[in-house]
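Here the sequence shown stands for residues -19 to -1, 1 to 497, where the numbers follow mature numbering (1 follows the signal peptide of the UniProt record, and there is no 0).
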Amino acid sequence: MLFTSAIVAIATLIPSISAQSRPAGCISLQGSKQCPAFQDQYINPQNLSGAWPWMAQVSDVTSFDDQFSQYWTDPTRFTRTKINIGLQCNRTGSANVTLQYERTVYCAEFTQISYSAQCNAGTQAKMVCQNTCRQYAASEQAIVANPAICAPTSILTAQHNATRSQTLTKDFTQCTDWNSLATNNSNTCVEGSANEGNCGYGPYTSAQLCQACDPSGNNTISSCCTASNTNLSDCASFGYPGAARVAAAASASSSSSSAAAASDTNGSSAASRYNKSGPDLSGGQLAGVIVGCIVGALLLGALIAFLLFGSPEMEKSAGGPSNAMNMNALGAAGLGAGAAGIGAAGFAAHHHEQEQQQQQQQRPASPTTRPTSQALTSSSGGDKGATVPMVRDQYTGQDIHVGEEVVAIYPYNASLNDELTLEPEQRVTIVRLYDDGWALGRTADGSEGALPLVCVSSTKGDLPGRRGGNGSGTGTGTSDDEGMTSGAEYTSSVDGAVTAEEGGFTSDARSQRSRR
């Protein structure tokens, strides 16, 4: 009894200890309707408010859901910063545009970006599956290629073209790069369809959703089109009656399955009722039935015995070949089944061998054990990562190699003894790089420890501006998309004059400065 009480007490203390280890300002996403696949993750709204000003109004998961929902519906927020400015698309055509699985990508960014890194130091990372990231990036490309939504490249100025190109490159790299927000580990990553309904095209039926799920012209539709959280019933009003029929067919299939199950149940119940309602037999009648069955069985047995043993000559002349034929047929069937089984087993073994060879080819030649920090939450879920010779800096686009210096652009407080505490502008020499977004670094005083690459940047090229932890920016931009003040907003004769933001493109902050 005492042992059980101790176990219960320890289990009760674990959550409180974990909560105390997180810095002040961390908010759990438990119960979030906007990020349902990130329930065990945390965000730091105070730190995030520098990149997304609306985060300053977030105090709990309810206010987060409310503000995050407004982020997509308010035309001055995501639509303006990402679509109108970042992708250089006019306001009229892009009013109702959605990037596929945009909410899932941002849920991951809010939790995995350096602003919230310390809140999730002891939590398994929830990264987006790269397949979802590719769909997100592909939808950006599709929107830009649609002249009804975005101006063609040929009529944009050099500055506008550069802004669009930088936005597309940054979004693709940041989302699909393994050391950023995405992973190939299907056991731990978040599929967009698990976090969002309607195939990632927003909470309501839209022309984009209906077009994606329209089978006309022998188009192959995604499995998400027939999912229970996808609504295609209004697609006919958007000009895609084929998509509406997909929904109707899926509904009919579901209904027929339910009806069949109900029919089976009703049939069984009816048979049961029939059996129960049948006339009862008296004792004499029951005895007569039993005796009759026994006599009939004896007569049938005698007849069979006479046929089998009454004519030996017939058995010798006709029975042999017949039996041989039957045995040959059975033997051939068994041999065929055995051959098929051997063939299937051989194919499976060969396929497994190919997979093993591919995995061995994909692994680095000499994996090295990395620091065993619990904060190093690898995408593979283990505590070891393979070393790599270089990684791509997600901020500058430069390659970071072993032996090179990097500079901290975000603060990081070490949570374990084998980690480095980083301060902005601090320079660190890279000793070893790992394939999960972490590195082993050496400071100027000779201290070595693990550090997250998301908090540092290459010293080659221009350094993206840095925001402090209090969320106050020093630049002049008014962005609401991680400081994406990517040049002037595209205007057209349809939109009329708008106020342009003429600041330089900044990949991860509002202000821009050069390294010393």
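Ideal placement from N, C-alpha and C gives every residue a C-beta, glycine not left out.
In this text, all values refer to a predicted model and were calculated from it rather than measured experimentally.
Looking at residue 438: is its Cβ nearer than 7 Å to the Cβ of residue 388?
yes
What residue range does the alpha helix (DSSP H) around residue 386 cover?
Not the alpha helix (DSSP H): residue 386 falls in the beta strand (DSSP E), residues 386 to 389.
Quick one: using the 10 Å Cβ neighbour count with 16 as the cut-off for buried, is residue 72 buried or exposed?
buried
Taking one C-beta from the segment 182 to 191 and one from the segment 206 to 218 each time, how about it: are there three or more such pairs within less than 8 Å?
yes
Rounded to the nearest angstrom, what separates residue 101 and residue 125 at their Cα positions?
35 Å
Are the beta-carbon atoms of residue 194 and residue 227 separated by less than 7 Å?
yes
As a quick exercise: from 404, 79, 409 and 119, pick the residue whose alpha carbon is nearest that of residue 152.
119
Can you round the beta-carbon distance between residue 410 and residue 386 to whole angstroms, since I take them to be within the 8 Å contact cut?
5 Å
Option in 393, 373, 54 and 378 with minimal Cα separation from residue 415
373
Where do the ends of the alpha helix (DSSP H) carrying residue 146 lie?
139 to 157
Quick one: Cα of residue 79 to Cα of residue 113, how far?
15 Å
Is the segment 1 to 13 close to the segment 25 to 38, with three or more CB pairs under 8 Å?
yes
Using the Cα positions of residue 407 and residue 440, report the straight-line distance between them to the nearest angstrom.
11 Å
Which of helix, strand or coil does DSSP assign to residue 58?
coil
DSSP state of residue 172 mapped onto helix, strand, coil
coil
Exposed or buried, what is residue 177 when buried is set at 16 or more other beta-carbons lying within 10 Å of its beta-carbon?
buried
Residues bridged to residue 421 by DSSP?
413 and 431
If you reduce the DSSP assignment to three classes, tell me which class residue 39 lands in.
coil
On the three-state DSSP scale, how would you describe residue 403?
strand
Residue range of the unbroken alpha helix (DSSP H) whose run includes residue 439
Residue 439 -> not in any alpha helix (DSSP H); beta strand (DSSP E) instead, spanning 437 to 439.
Close beta carbons around residue 434, own chain, < 7 Å, minus the five adjacent residues each side
160, 372, 418, 419 and 420
Would you call the segment 138 to 155 and the segment 41 to 58 in contact, with 3 or more CB pairs under 8 Å?
no
Rounding to the nearest angstrom, what Cα-Cα distance links residue 130 and residue 431 in this structure?
46 Å
Among 192, 210, 94 and 209, which residue has its Cα nearest to the Cα of residue 224?
192
Do residue 427 and the ligand ZN come close, with the Cβ less than 6 Å from some heavy atom?
Among the components of this structure there are no ligands whatsoever, and the ligand ZN is therefore not found.
7 Å Cβ shell around residue 284 - same chain, five flanking residues per side excluded
none
So, with DSSP's three-state summary, where would you put residue 96?
helix
Would residue 92 and residue 20 be called neighbours here (beta carbons separated by less than 7 Å)?
no
Under the DSSP definition of a beta bridge, which residues are partnered with residue 202?
DSSP lists no partner for residue 202.
I'd like the span of the beta strand (DSSP E) that includes residue 372, first residue to last.
371 to 373
Start and end of the beta strand (DSSP E) containing residue 130?
Looking at the DSSP string, residue 130 is not in any beta strand (DSSP E), and its letter there is neither H nor E.
Could you pull the start and end residues of the beta strand (DSSP E) that residue 124 belongs to?
Careful: residue 124 lies outside any beta strand (DSSP E), inside the alpha helix (DSSP H) at 111 to 125.
Applying the 10 Å Cβ sphere with the 16-neighbour rule, what's the burial state of residue 105?
exposed
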